[in-house]
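K.L.:
2 protein chains.
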Amino acid sequence: MITIDRTDLAFQLHDLLDTARLAAHSRFADYDRAAIDGVLDTAERIAINHFLPHAALLDENEPAFVDGKVVMDDAVGEALRHFREAGFFGAAFDREWGGMQMPETVRQAASFIFMMANIGTSGYPFLTAGAANLLASFGTVEQKERFLRPMVEGRFYGTMCLSEPQAGSSLGDIVTSASPADDGSYRISGRKMWISGGDQEISDNIVHMVLARIEGAPPGVKGISLFIVPKYRLDPDGMASERNGVVLAGLNHKMGYRGTTNTLLHFGEDEPAIGYLLGEPHRGLAYMFQMMNEARIGVGLGAVALAAAGYRASLAYARERPQGRHPDGKDPSGPPVAIIEHADIKRLLLAQKAAVEGALALVLYSADLVDRIREAEDEQARREDELLLDLLTPLVKSWPSEYCLEANKHAIQVLGGYGYTRDYPVERLYRDNRLNPIHEGTHGIQGMDLLGRKITQAGGAGVRTLAERVMADIKMAHTLDGLAGFAETLATHLSETVATTGRLAHAVGKNPRLGLANATIYLDMLGHVVIAWMWLRQAVAAVGKRANGDGDPDFLDGKLAACRYFFAHELPATRVKRDLLDSLDDTTLSMKPDWF
Amino acid sequence: MITIDRTDLAFQLHDLLDTARLAAHSRFADYDRAAIDGVLDTAERIAINHFLPHAALLDENEPAFVDGKVVMDDAVGEALRHFREAGFFGAAFDREWGGMQMPETVRQAASFIFMMANIGTSGYPFLTAGAANLLASFGTVEQKERFLRPMVEGRFYGTMCLSEPQAGSSLGDIVTSASPADDGSYRISGRKMWISGGDQEISDNIVHMVLARIEGAPPGVKGISLFIVPKYRLDPDGMASERNGVVLAGLNHKMGYRGTTNTLLHFGEDEPAIGYLLGEPHRGLAYMFQMMNEARIGVGLGAVALAAAGYRASLAYARERPQGRHPDGKDPSGPPVAIIEHADIKRLLLAQKAAVEGALALVLYSADLVDRIREAEDEQARREDELLLDLLTPLVKSWPSEYCLEANKHAIQVLGGYGYTRDYPVERLYRDNRLNPIHEGTHGIQGMDLLGRKITQAGGAGVRTLAERVMADIKMAHTLDGLAGFAETLATHLSETVATTGRLAHAVGKNPRLGLANATIYLDMLGHVVIAWMWLRQAVAAVGKRANGDGDPDFLDGKLAACRYFFAHELPATRVKRDLLDSLDDTTLSMKPDWF
């Protein structure tokens, strides 16, 4: 009952972002519009044929911990074999290392398709790409040859090992240690918790990227280094040979997202865990942030994909299910209408559409920034894009995690009792999506990152760039039929938001506890304003196409209606939140633990 | 990890509602304060010893459909044996039929305790009470003797059979038929879907209350009658004997709430299903509304109980889990603080506290109205209370279903990754609570009931009574230290709400489709205003006790802080919703199905 509809994806890539323009850069020369569509055709075919069919099964029969190993359905490995044969493991990597040099925007669009079909199975390659990216950025040539190349080929998978049972989000408190050996390698000792993809029997090897402290390192985040720790040691030919001292100690049994194993790993307990320092000592957290930022965009994308799957499933149900009559047509002997005719069902569908397509626009806009940064010729423009991407990252991670989860809640509601049963996919999608506000940094962490760091970074240049980009689209919208009202509304919200941001930045400087007390609310508020911008951009593109007689008029009218929905039903609440933020409300801060 | 804390329950019953005052009525003469506390002691003991221990087990090993029967863990029957021996099946019923004549407020408070411990097992007696209430209200003496008495004794259980696979919420479209037999009984034929407790092997018999059409009845809701259809026919001594033609056709496999079987039942397919008309022909839906209204209060209570369990579990975790440091104290070598020290964790806990205690106040206020209506000596006062209860019922059902589910979401967030695992109860509570916005009428149905019927009932007397009651508490608050600001704020919200209500009532009269298009948003908005009233009432009681040096000061300060939270963080958004409602926004109504 999950279907993959690419109409919106095509609109976003081609009409909103003109992704094919990237083909003008030599790196992306192969990716003209036809090639991009070809990549998505392949992704769709593999997703439908090999990812989708076992998604429900993998949820009902989650991976199990048997005799120290992970046992899971063969369909996962089979799906990933097809994924690998199509080259997707190496999608974004350099040709030099076996990759396809795909633009990040296209890679994310393809990922979106796989995640819609089966988020659990999709987890393995996307974690692998993140780990491989660290090697590509900071590895020596030898490290790349031994570890990156087999990951790009999809023979080795990767993980990121940050959290520890006692430390959770507080990475400064990790205690895993690294002791130097005579041969330049290290012996890693410690326990890592919440490691997604931390073990499986699908790939030839697993390359763990592990945060640890070299003996004698300073306390806190400044004493953390990053290590490459394979599950199997490599023989001189680079093939996996004997086991390294990395032991699967247990699987976490989750509410959803069950197909991606989530593990507790022990390093160096019974036998030594040999690790290799990546980059320089004590710079591990800075390196890892690159991976985390990428993972955060991936989390946002996953949240959108789950909501998109639920939206489509509930839309199909609403079109087919007859029930009830209009308030002014209660003749009981007349036939019932399809529930999509009811205003409240349309509200539940519009809320989903607004969240899914608004959030997808934000994720792909961010991916496009990654591509722009990579290929920029103007250093000033690159710097602006970098700061904007830094600013947007906590929003890309958190907004979809919150509102696409809400969308999945609405999808269940459209199906009513059926939606609450395991016979339909919408309850599974809702359970899967509940993970996204937690992993890769909770909303609380993202809020602190946004208000405590990103807002004031480079003298507030990120916020200034954001405001400029939004204003450029507002100006464009002003010239278009029917969009002036939206443009004016967003301009007002933007200027109020900039003012509130300034007040808060000042307050954080004066009194960090008070200034940051409502950081999560700020995150939420700014997220809504940014999504309104994404809707204005979509409306501009839709009006343009409508005027040119280009594209499906129903689809384009739907874009305008969803924009209207977001501006009428969602955006106004941000004003109330700005009032709260402006007042430096200390209700939560001043609450005493004993009062609960 | 679920604990039962009765501090707030005691505050609500004794300080807010003075439930023991009901002992002045002869019906409730036994229920002085000591007796009420005794009832709750018994409930707590049974809940802790017999309901709580198998709650997680029942979720992991849900009831199964084996050889036409329901197989479930013996612990359920064992728990209900204790429940029965303590007399709870007959809690609210007349002594004449074996009951305990407990005030509804006390019965709901006891139910709250059982539901916190185990919502699945609690389902059976609460469905039984609803069915038995129909018999008590509309049954003949013979029907009461044969069916009501064994239900009050807990030997027979009951169900309500409304929905059908093709009809869902649209009861006017049900097709189950009733054909009169020569002996005055009927032969029932049809299929009923979503029947909770529809089958089990615990009770001696199951008494289904079935909506069906007598042959030749008018179409729609005016042709529906109500029938008593037992699983086993009764012998002359009233004991269950041979099977009646009610067959379990399947179990629904749900996301949560798994302990309460949910069934598809076939009536009269292979052998006749003998049924007995309850009350008069064609009045079935009106009778059933009594049961539904009661069930709706029960749904609200269940939603609160699930959130209360999650709140307590997450609060205990937050007090014990050390992680991170304050924004102004980042010395990495210092010890981390308990996460309850972080403002954002306090926000997640305050949001839960505000939802749980605010919603519990509303549920118990409604139960108190039931008691007042029952014992009223003044016909005018009774009528006012009835109309107020009618008005509040959709709010009692829907507000907790929405915001206590949100509270369960926050409980997971407090626990982070741990909360997402099945090792902690919070994910289960969240899954359980997702049912509540669906059953006994979705939010959409409640919104139509509220705005389409309840608002205009008796010339708007319900809204007038509500406004008078709120104003009385506002006046009281004005006289108390520190509450004048809350009183003024609520007075403004109330008068705006009354104005919006008037505009909408007018619009509904002129153009029902447009007037009702945003009924769910009206439901949400009014719910928030009513919960703010409940918080003001709690603040008034807390200030009074504080001034008298009565009660735990921390607990009372917590009440004031939660009131402040609700007024600062939750209530202001209602203004934005009133603006939308006042504008008669038609974004959802005018959305065309083809535009999705």
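Top line first, the protein sequences correspond to chains A and B. Each number in my numbering corresponds to the 1-based position in the first sequence with 1478 added. Each number in my numbering corresponds to the 1-based position in the second sequence with 1478 added. Glycine included, each C-beta is placed from N, C-alpha and C at the ideal position.
Under 6 angstroms Cβ to Cβ from Arg1750 (chain A), same chain only, skipping five residues before and after it: list those, please.
P.N.:
Numbered from its first residue, the first sequence carries residue 1750 (chain A) at position 272. It should be pointed out that residue 1750 (chain A) corresponds to Pro in this sequence rather than to Arg. Result list for Pro1750 (chain A): Arg1665 and Gly1723, in chain order.
K.L.:
Please list the terminal residues of the continuous beta strand (DSSP E) segment that includes Tyr1664 (chain B).
P.N.:
Counted from its first residue, the second sequence places residue 1664 (chain B) at position 186. Taken as a continuous stretch (DSSP letters only), the beta strand (DSSP E) holding Tyr1664 (chain B) covers Tyr1664 to Ser1674.
K.L.:
Could you check how far apart the C-beta atoms of Ser1655 (chain B) and Glu1693 (chain B) are, in whole angstroms? I think they sit under 8 angstroms.
P.N.:
Residue 1655 (chain B) sits at position 177 when you count from the first residue of the second sequence. Residue 1693 (chain B) sits at position 215 when you count from the first residue of the second sequence. The Cβ separation is near 6 angstroms, so the contact holds.
K.L.:
State the start and end residues of the unbroken alpha helix (DSSP H) segment that holds Ser1844 (chain B).
P.N.:
Within the second sequence, numbered from 1, the residue matching residue 1844 (chain B) stands at position 366. Where Ser1844 (chain B) is concerned, the enclosing alpha helix (DSSP H) stretches over Ala1821 to Glu1853.
K.L.:
Provide the residue span of the beta strand (DSSP E) that contains Ile1752 (chain A), from first to last.
P.N.:
Within the first sequence, the letter at position 274 stands for residue 1752 (chain A). Here the beta strand (DSSP E) through Ile1752 (chain A) covers Ala1751 to Leu1756.
K.L.:
In whole angstroms, what separates the C-alpha of Leu1828 (chain B) from that of Phe2074 (chain A)?
P.N.:
Walking along the second sequence from the start, residue 1828 (chain B) turns up at place 350. Walking along the first sequence from the start, residue 2074 (chain A) turns up at place 596. For Leu1828 (chain B) and Phe2074 (chain A), the distance between alpha carbons rounds to 8 angstroms.
K.L.:
By Cβ distance below 6 angstroms, which residues in the same chain neighbour Asp1910 (chain B) in space, the five residues on each side in sequence not counted?
P.N.:
Along the second sequence, read from residue 1 onward, the residue named residue 1910 (chain B) stands at position 432. For Asp1910 (chain B), where only same-chain residues beyond five positions count, the Cβ hits under 6 angstroms are Ile1597, Gly1734, Tyr1735 and Leu1784.
K.L.:
Any C-beta of chain A sitting closer than 9 angstroms to the C-beta of Val1599 (chain B)?
P.N.:
Along the second sequence, read from residue 1 onward, the residue named residue 1599 (chain B) stands at position 121. The question names Val, but residue 1599 (chain B) is Thr in the sequence shown. It does not; no Cβ of chain A falls within 9 angstroms.
K.L.:
What I want to know is whether the C-beta of Ala1569 (chain B) ends up closer than 8 angstroms to one or more non-hydrogen atoms of the ligand SAM.
P.N.:
Looking at this structure, you won't find the ligand SAM or any other ligand, since it has none at all.
K.L.:
Can you tell me which residues form a DSSP beta bridge with Asn1683 (chain A)?
P.N.:
By one-based count along the first sequence, residue 1683 (chain A) stands at place 205. Paired residues: A:Phe1634.
K.L.:
If you run the structure through DSSP and keep just helix, strand and coil, what is Pro1697 (chain B)?
P.N.:
Counting from 1 along the second sequence, the entry for residue 1697 (chain B) is found at position 219. Three-state result, Pro1697 (chain B): coil.
K.L.:
When the Cβ atoms of the stretch 1866-1881 of chain B are set against those of the stretch 2003-2010 of chain B, are three or more pairs found closer than 8 angstroms?
P.N.:
Enough Cβ pairs lie closer than 8 angstroms, so yes.
K.L.:
Between Leu1626 (chain B) and Leu1613 (chain B), how many whole angstroms is the CB-CB distance? I'm expecting something under 8 angstroms.
P.N.:
Locating residue 1626 (chain B) in the second sequence gives position 148, counting from the first residue. Locating residue 1613 (chain B) in the second sequence gives position 135, counting from the first residue. Between Leu1613 (chain B) and Leu1626 (chain B) the Cβ distance is about 4 angstroms, and since that is below 8 angstroms, they are a contact.
K.L.:
Would you please verify whether the beta carbon of Ile1823 (chain A) is less than 9 angstroms from any beta carbon of chain B?
P.N.:
If you number the first sequence from 1, residue 1823 (chain A) lands on position 345. Yes - at least one Cβ of chain B is within 9 angstroms of the one on Ile1823 (chain A).
K.L.:
Using 9 angstroms as the threshold, is the C-beta distance between Ile1591 (chain A) and Ala1533 (chain A) below it?
P.N.:
Locating residue 1591 (chain A) in the first sequence gives position 113, counting from the first residue. Locating residue 1533 (chain A) in the first sequence gives position 55, counting from the first residue. The answer is no: Cβ separation not under 9 angstroms.
K.L.:
State the start and end residues of the unbroken alpha helix (DSSP H) segment that holds Tyr1881 (chain A).
P.N.:
Along the first sequence, read from residue 1 onward, the residue named residue 1881 (chain A) stands at position 403. Counting along the chain, the alpha helix (DSSP H) containing Tyr1881 (chain A) begins and ends at Glu1857 to Leu1893.
K.L.:
Count the C-beta pairs between the stretch 1900-1920 of chain A and the stretch 1778-1792 of chain A that are closer than 8 angstroms, then say yes if the count reaches three, no if not.
P.N.:
Yes: the two stretches touch, three or more of their Cβ pairs being nearer than 8 angstroms.
K.L.:
Would a check of beta-carbon distances place Asp2063 (chain B) closer than 9 angstroms to chain A?
P.N.:
As a working mapping, residue 2063 (chain B) is identified with position 585 in the second sequence. True, the Cβ-Cβ gap to chain A drops below 9 angstroms.
K.L.:
Which residue marks the beginning of the beta strand (DSSP E) containing Leu1729 (chain A), and which one marks its end?
P.N.:
Taking the first sequence and counting its residues from 1, one reaches residue 1729 (chain A) at position 251. Leu1729 (chain A) -> beta strand (DSSP E) spans Val1724 to Leu1729.
K.L.:
Mind checking if Val2054 (chain B) is an interface residue toward chain A, Cβ cutoff 9 angstroms exclusive?
P.N.:
Position 576 of the second sequence, counted from the start, is the residue given in the question as residue 2054 (chain B). Interface residue, yes.
K.L.:
Starting from the beta carbon of Pro1541 (chain A), find every residue of chain B whose beta carbon is closer than 8 angstroms, and list them in chain order.
P.N.:
In the first sequence, the residue the question calls residue 1541 (chain A) occupies position 63. The premise fails here: Pro1541 (chain A) is roughly 14 angstroms from chain B at the closest Cβ pair, so nothing lies under 8 angstroms.
K.L.:
Measure from the alpha carbon of Glu1522 (chain A) to the alpha carbon of each residue in A:Gly1568, A:Asp1551, A:Ala1587 and A:Leu1536, then state which is nearest.
P.N.:
Position 44 of the first sequence, counted from the start, is the residue given in the question as residue 1522 (chain A). Comparing Cα positions, the closest option is A:Ala1587.
K.L.:
Rounded to whole angstroms, what is the Cα-Cα separation between Thr1975 (chain B) and Lys2055 (chain B)?
P.N.:
By 1-based counting over the second sequence, the position of residue 1975 (chain B) is 497. By 1-based counting over the second sequence, the position of residue 2055 (chain B) is 577. Whole-angstrom Cα-Cα distance: 10 angstroms.
K.L.:
How is Leu1968 (chain B) classed by DSSP in three states: helix, strand or coil?
P.N.:
The sequence position of residue 1968 (chain B) within the second sequence is 490, counting from 1. Correct three-state label for Leu1968 (chain B): helix.
K.L.:
In angstroms with no decimal places, state the Cα-to-Cα distance between Ser1792 (chain B) and Asp1809 (chain B).
P.N.:
Here residue 1792 (chain B) refers to the residue found at position 314 when the second sequence is read from its first residue. Here residue 1809 (chain B) refers to the residue found at position 331 when the second sequence is read from its first residue. Computed Cα separation, rounded: 27 angstroms.
K.L.:
Can you give me the Cβ contacts of Asp1927 (chain A) inside the same chain, cut-off strictly under 6 angstroms, excluding the 5 residues immediately before and after it?
P.N.:
Residue numbering aside, residue 1927 (chain A) sits at position 449 when the first sequence is read from its first letter. Around Asp1927 (chain A): Pro1872.
K.L.:
Would you call the stretch 2057-2067 of chain B and the stretch 1490-1510 of chain B in contact, with 3 or more CB pairs under 8 angstroms?
P.N.:
Counting Cβ pairs under 8 angstroms, fewer than three are found: no touch.
K.L.:
Leu1961 (chain B) and Leu2014 (chain B): beta carbons closer than 9 angstroms?
P.N.:
If you number the second sequence from 1, residue 1961 (chain B) lands on position 483. If you number the second sequence from 1, residue 2014 (chain B) lands on position 536. Cβ distance < 9 angstroms, so Leu1961 (chain B) and Leu2014 (chain B) count as in contact.
K.L.:
Output, in chain order, the set of chain A residues within a Cβ distance shorter than 7 angstroms of Gln1621 (chain B).
P.N.:
Here residue 1621 (chain B) refers to the residue found at position 143 of the second sequence. Within 7 angstroms Cβ-Cβ: nothing; Gln1621 (chain B) doesn't reach chain A, min ~29 angstroms.
K.L.:
Would you give the residue range spanned by the beta strand (DSSP E) that Ser1811 (chain A) belongs to?
P.N.:
Numbered from its first residue, the first sequence carries residue 1811 (chain A) at position 333. It is not in any beta strand (DSSP E) - Ser1811 (chain A) carries neither H nor E in the DSSP assignment.
K.L.:
Note down, in chain order, each residue of its chain lying with its Cβ closer than 8 angstroms to the Cβ of Val2018 (chain A), except the 5 sequence neighbours on either side.
P.N.:
Translated into the one-based positions of the first sequence, residue 2018 (chain A) becomes position 540. These residues qualify, in order along the chain: Asp1951, Met1954, Ala1955, Leu1958 and Leu1961.
K.L.:
Just mark Arg1573 (chain A) as buried or exposed, buried being the case when its beta carbon has 16 or more other beta carbons within 10 Å.
P.N.:
Here residue 1573 (chain A) is taken as the residue at index 95 of the first sequence, counted from 1. That one is exposed.
K.L.:
Give the interface partners of Gly2043 (chain A) over in chain B, defined as CB-CB distance under 8 angstroms, in chain order.
P.N.:
If you number the first sequence from 1, residue 2043 (chain A) lands on position 565. The sequence shown places Tyr at residue 2043 (chain A), rather than the Gly named in the question. Ordered by position in chain B, the residues that pass the 8 angstroms Cβ test against Tyr2043 (chain A) are Thr2065, Thr2066 and Met2069.
K.L.:
Relative to the alpha-carbon of Arg1852 (chain B), which residue among B:Pro1581, B:Ala1513 and B:Phe1489 has its alpha-carbon at the smallest distance?
P.N.:
Mapped onto the second sequence, residue 1852 (chain B) falls at position 374. The shortest Cα separation from Arg1852 (chain B) among B:Pro1581, B:Ala1513 and B:Phe1489 belongs to B:Pro1581.
K.L.:
Determine the extent of the alpha helix (DSSP H) in which Lys2023 (chain B) is found, giving its start and end residues.
P.N.:
Within the second sequence, residue 2023 (chain B) is the residue found at index 545, counting from 1. Unbroken alpha helix (DSSP H) run through Lys2023 (chain B): Ala1997 to Ala2025.
K.L.:
Between the stretch 1681-1693 of chain A and chain B, which residues of the former have a C-beta closer than 9 angstroms to a C-beta of the latter?
P.N.:
Those would be none; no residue qualifies.
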